[in-house]
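Under this note's numbering, think of the first position of the sequence shown as 7, with each following residue one higher.
Glycine residues also receive a C-beta, built at the ideal position from the N, C-alpha and C atoms.
Remember, it's a predicted structure, so these values are computed and weren't measured experimentally.
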Amino acid sequence: MAVSCCGRLLRSVRGAAAVSLLRPLPRCLSSQSSSLQPSYVPKTSLSEPPWPEIKLPDPIVETEEHKELVQKVNSLIAAGQHGRLFAVVHFASKQWKVTNEDLVLINGIVDAECGDRIRLEKERLGASRSDCD
7 MAVSCCGRLL RSVRGAAAVS LLRPLPRCLS SQSSSLQPSY VPKTSLSEPP WPEIKLPDPI
67 VETEEHKELV QKVNSLIAAG QHGRLFAVVH FASKQWKVTN EDLVLINGIV DAECGDRIRL
127 EKERLGASRS DCD
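And the structure:
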């Protein structure tokens, strides 16, 4: 069907005009030209992501800040000025904020007897009240 339409079109156009229809467009005139300058490309979600670019901190500076923080926390613990400590732990598919001598009620089957100590291996956070101010 498309071939017969093209044939009718070429028969209706005579001479040089018919020859120009068969020539391909130069690359600079085609719609898929990649020679456009970046300034001509509009800013869209396809040309640039819609979120801001994330700049990662310098690893050397981050290491120094970590060392200072660990030293400060260790000195507070050694001096006994840490206040009441708490932790956020993961247990029985939930997160719990616990302090020393807290009781956690779990609805379900736990393979432990009453009074047994349970080791919580997934600690999410450890802090004191002074760290939260």
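(Q) Just verifying my parser: in three-state terms, what is the DSSP assignment at Gln101? (A) strand
**Q.** Rounded Cβ spacing between Leu91 and Ser134 (contact assumed at less than 8 Å)
**A.** 5 Å
Q | Contact belief for Leu131 with Val104 at Cβ below 8 Å, rounded distance in angstroms | A | Rounded, the Cβ-Cβ distance is 11 Å, inconsistent with contact.
Q: Check Glu74 in the structure and name its three-state DSSP category.
A: helix
Q: List the residues that DSSP assigns as beta-bridge partners of Val95.
A: Trp102, Glu129
Q: Give the secondary structure of Ser51 by DSSP, where H, G and I count as helix, E and B as strand, and everything else as coil.
A: coil
Q) So, are the CB atoms of Ala98 and Ile115 less than 7 Å apart? A) no
Q: Assuming His96 and Lys128 form a contact by the criterion Cβ under 8 Å, report the distance between their Cβ atoms to the nearest whole angstrom.
A: 4 Å
(Q) Rounded to the nearest angstrom, what separates Ala84 and Ser53 at their Cα positions? (A) 55 Å
Q | Separation of Glu119 from Glu70, as counted between CA atoms | A | 46 Å
Q: Look up Ser134 in the DSSP assignment and give the residues it is bridged to.
A: Leu91
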